[in-house]
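In order, the protein sequences belong to chains A and B.
Using this note's numbering, the first residue of the first sequence is number 175, and each one after it goes up by one.
Using this note's numbering, the first residue of the second sequence is number 175, and each one after it goes up by one.
Cβ coordinates follow ideal geometry from the N, Cα and C atoms, glycine included.
Predicted model only: the values in this text are computed from it and were never measured.
2 protein chains.
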Amino acid sequence: MKKPDIVILGAGYGGVMTAVKLQKILNSNEATITLVNKFDYHYQTTWLHENAAGTLHHDRTRIPIKDVVNMDKVQFVLDTVVSIKPEKKKVKLKNGEVPYDILVIGLGFEAETFGIAGLEEHAFTIDNINNARLIREHLEYNFAMYHHEDEKNPGRLNIVIGGGGFTGVEFLGELANRIPELCEEYDIHKSMVRIINIEGQSTVLPGFDPQLAEYAMNSLESRGVEFMTGAMVKECQADRVIYEKDGKEVEIPTYTTIWTAGVRANSIVEESGFEHNRGKIEVRSDMRAPDQDDVFAVGDCALIMNEQTGKPYPPTAQIAIQEAETVANNVKTLVQGNGELESFEPNLLGTVASLGRGDAIGDIFNNWKLFGWKAVIMKKIIDNRYLLKLGGVGLLMRKGKFNIFY
Amino acid sequence: MKKPDIVILGAGYGGVMTAVKLQKILNSNEATITLVNKFDYHYQTTWLHENAAGTLHHDRTRIPIKDVVNMDKVQFVLDTVVSIKPEKKKVKLKNGEVPYDILVIGLGFEAETFGIAGLEEHAFTIDNINNARLIREHLEYNFAMYHHEDEKNPGRLNIVIGGGGFTGVEFLGELANRIPELCEEYDIHKSMVRIINIEGQSTVLPGFDPQLAEYAMNSLESRGVEFMTGAMVKECQADRVIYEKDGKEVEIPTYTTIWTAGVRANSIVEESGFEHNRGKIEVRSDMRAPDQDDVFAVGDCALIMNEQTGKPYPPTAQIAIQEAETVANNVKTLVQGNGELESFEPNLLGTVASLGRGDAIGDIFNNWKLFGWKAVIMKKIIDNRYLLKLGGVGLLMRKGKFNIFY
């Protein structure tokens, strides 16, 4: 009898953790495990804003697949997924095709620009190592251009962040630390630089504890960030962004608009004909697609309702990692053909948002509110726990964050 | 009686050394010394190619004026010279005007593009800290863009250097060391990058010892540099450069053309109505302009014929520094109104060209030919001697190059 082919698409939090777990709980003679990813590395999406600001090198954020996946047990295919054909049980790649018996879709998110004019062409998004690194360079390049040009162009020094959600706020925190360094490097006075956040709601971090959100805004404002709340981005051009507030349109000259205000599941999910809820597969409690008994979805491609609140669980790394555990266990059960599939039970530990070096806010373990250095330490503990889980002590030692002083 | 006003324009090698020497040999009650410069720092023009390549930080190359000029003895004016009016004995600045009794013109060079189409708009030149820093950023930015763009654009990774003279060759040497580092940083395979030198003559470093020039080409070629000798740049556009060789036009896609093939004296000299020889003041043996008894020129603004060869002395830092000595002595003589003006006697020590980390060529002390580590050490000795002369042991310790191993 042919061994079943387990194919995992994507090596983000959900995909890579599924692979790592499966290589432990399945014997090589039980199934063939294939992991497909377009880079030969996994990266910590939740650290990309630091790479983009230039406060952390991207090599700290990414982890070679071969360092966490056992290449004797898992076949790794370096390729880009083009489409999934569930009716043929095949995945089309840029350079080939892979058949599957059991599929795990962990293809992550892409930016959602809601059709706002010019965003797709002119705004940056913090999606992956390549564009995080480019944002870092773009910031530096514009600072370098400022003194090179005879006619001083304030657009070089205005940085606009669209969206005051989690990513936006964490990125603002890093920028607030990074900008004084860039000013020194390029002989620019700090007062010439503007960091502007545009958020549609009346506060940043809507949904977060209001006192902590206020703390975050105060902390960032004291380091020079300007908040335009209740304002909507209307249009982005190469050299400006236009927003509307109180019925009036305002134009900010800028070469650097970074859009953090929306993400959606990878559009391959929708285009491949799966039943979806705004692009995500609304999975059953065992993490399988509603119409496919051999297809799992994980992370940002999966949608699970929190029955207590009636809202979906947020698309966080924490949930993706927990989902991967359930997915791996259920894949094993399907392969071995015995027992019941388990249901996903999220264990919500809470959320910590970094505000740059030395400051953070957190709401964890059911309403324990933290800010300042305690939240900073908690954030590092969370990040380090993941590394330990993913790659053991060796990986933790190489990539962990241990400086508790900032 | 009013003290005479000595005004020095420019704080390059010639200007700053004139100021430093004058503050030593003149008493404050004898004259007022004013130094005008558009930056508040002096920089070592001969190190700028390292800043441009990104192999040396620009703060090593520049020296705050206040660290070498005694601000109690010399008035420093941070401003840009617009024009000189010798008939009124005044210098027009962007934000004012300074009268002079004795003037020293040390306004340096500017790039000469010989009317080649598009060079002025699209090519970089290695003239000052601002554009050296920008070249460094521009290289990195294009490497970062390469992996960000879905359609791979070889123009991002092609670097074209126009001119195989001294600056061009030294810059090639630094690039040859820097590119492998950039490749690692941006996940680009070294074989994707091209460093192309276009030189009109049949060899680089025309006029230098042919064997040493050949050594230089071999050293650079072994590190991946391509030489197109006997080729002329015909046109530069934002995304390509076109050169002609053997009657055929060749196009290279590139976003990075760096023009090192021509310099001329600051055009203010010509525009201010001085008698000039291709933009430079052909000074008398006492370094004064032929038609002006109270105007000296120094460095790249001055032209002195070598009577043995019938050719002008080359526009080097070495000569500028020696000229400054003569200028300062003659200014003192004019101020004190006694004695003869001395004649400039160059002391040609020879030339050393760096080829990047760990390699160099030199032709010094009348035909002593050096290459490899001996030339590297000699180059550092020359650079360190200048720092000692300019700012004493303190400056040498801060800015000197002491690593003799590379």
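Sub-8 Å separation of residue i and residue j beta-carbons
| i | j | result |
| --- | --- | --- |
| E445/A | S202/A | no |
| Q585/B | E204/B | The structure shown has nothing for residue 585/B, since chain B only spans 175 to 580. |
| P489/A | V443/A | no |
| G342/A | A491/A | no |
| F345/A | I300/A | yes |
| Y217/A | P238/A | no |
| V206/A | I182/A | The amino acid occupying residue 206/A in the given sequence is Thr; Val does not appear at that position. No, Cβ-Cβ distance for T206/A and I182/A is not below 8 Å. |
| L308/B | A297/A | no |
| L379/B | G339/B | yes |
| L349/B | I362/B | no |
| V251/A | V210/A | yes |
| V243/B | V194/B | yes |
| N305/B | H322/A | yes |
| A476/B | G453/B | no |
Whole-number beta carbon distance between residue j and residue i, since they are thought to touch under 8 Å
| i | j | result |
| --- | --- | --- |
| G228/A | R310/A | 4 Å |
| D474/A | G282/A | 5 Å |
| V407/B | I372/B | 6 Å |
| N332/B | I455/B | The Cβ separation is near 40 Å, so there is no contact. |
| K266/B | P273/B | Contact flag wrong, Cβ pair sits at about 11 Å. |
| E516/B | T500/B | 6 Å |
Rounded straight-line distance, which links the Cα of residue j to that of residue i
| i | j | result |
| --- | --- | --- |
| Q375/B | K548/B | 28 Å |
| L581/B | P464/B | Residue numbering for chain B in the displayed model covers 175 to 580; residue 581/B lies beyond these limits and cannot be assessed. |
| D275/B | N451/B | 24 Å |
| N316/A | Y429/A | 8 Å |
| V584/B | I478/B | It is not possible to answer for residue 584/B, since the shown part of chain B is limited to 175 through 580. |
| R236/B | A185/B | 11 Å |
| M391/B | G421/B | 24 Å |
| K543/A | A527/A | 12 Å |
| K177/B | L200/B | 12 Å |
| L222/B | L561/B | 15 Å |
| P486/B | P520/B | 12 Å |
| D253/A | T208/A | 12 Å |
| Y417/A | V424/A | 5 Å |
| Q482/B | N541/B | 16 Å |
| E271/A | V550/A | 45 Å |
| K269/A | K212/A | According to the sequence provided, residue 269/A is Asn. The question's Lys does not apply to it. So the two alpha carbons sit approximately 11 Å from each other. |
| V505/A | E314/B | 44 Å |
| P328/B | Y320/B | 8 Å |
| T507/B | F518/B | 14 Å |
| T220/A | S441/A | 21 Å |
| N225/A | Y360/B | 13 Å |
Neighbourhood of residue i by C-beta distance below 6 Å, restricted to the same chain and skipping five residues each side
| i | result |
| --- | --- |
| G292/B | E409, C410, Q411 |
| C357/B | K364 |
| Q431/A | Reading the sequence as shown, one finds Thr at residue 431/A and not Gln. So the list reads A297, V334, C410, V415, once near-sequence residues are dropped. |
| R462/A | F470 |
Proximal chain B residues relative to residue i, where beta-carbon distance stays under 8 Å
| i | result |
| --- | --- |
| R452/A | Neighbours of R452/A on chain B: none; closest Cβ ~25 Å, over 8 Å. |
| H363/A | Here the premise fails: no neighbours, minimum Cβ distance about 13 Å. |
| E204/A | The premise fails here: E204/A is roughly 35 Å from chain B at the closest Cβ pair, so nothing lies under 8 Å. |
Spatial neighbours of residue i in its chain, beta-carbon cut-off 7 Å, leaving aside the 5 residues before and after
| i | result |
| --- | --- |
| S393/A | L529, D533 |
| E294/A | T287 |
| P354/A | K364 |
| G188/A | G280, V472, G473, A494, E497, A498 |
| D537/B | F382, D383, L386, G524, T525, K543 |
| G484/A | none |
| Y389/B | I535, F545 |
Interface partners of residue i on chain A, CB under 7 Å
| i | result |
| --- | --- |
| N577/B | Result: empty, since nearest Cβ-Cβ is about 23 Å, beyond 7 Å. |
| N440/B | Under the 7 Å cutoff, chain A gives no residues; its nearest Cβ is about 15 Å from N440/B. |
| N304/B | H321, H322 |
| F355/B | The identity of residue 355/B in the sequence shown is Glu, whereas the question assumes Phe. Those do not exist, as E355/B stays about 13 Å from chain A at its closest Cβ, beyond 7 Å. |
| E519/B | None at all; the shortest Cβ gap to chain A is about 39 Å. |
Contacts that residue i makes with chain B (C-beta to C-beta distance below 9 Å)
| i | result |
| --- | --- |
| L308/A | Y315, A318, M319, H321, H322 |
Close-in-space but distant-in-sequence residues of the same chain around residue i (CB under 8 Å, 5 per side omitted)
| i | result |
| --- | --- |
| E395/B | F401 |
| R458/A | P464 |
| I290/A | V407, K408, E409, C410 |
Chain-ordered chain B contacts of residue i [CB-CB under 7 Å]
| i | result |
| --- | --- |
| E224/A | Correct list: empty, because the minimum Cβ distance to chain B is about 16 Å. |
| E388/A | Result: empty, since nearest Cβ-Cβ is about 36 Å, beyond 7 Å. |
Within chain A, partners of residue i - CB distance below 8 Å
| i | result |
| --- | --- |
| E295/B | None at all; the shortest Cβ gap to chain A is about 13 Å. |
| H216/B | Those within 8 Å of H216/B in chain A number zero; the least Cβ separation is about 15 Å. |
Interface residues of chain A facing residue i [CB-CB closer than 9 Å]
| i | result |
| --- | --- |
| E348/B | Those within 9 Å of E348/B in chain A number zero; the least Cβ separation is about 18 Å. |
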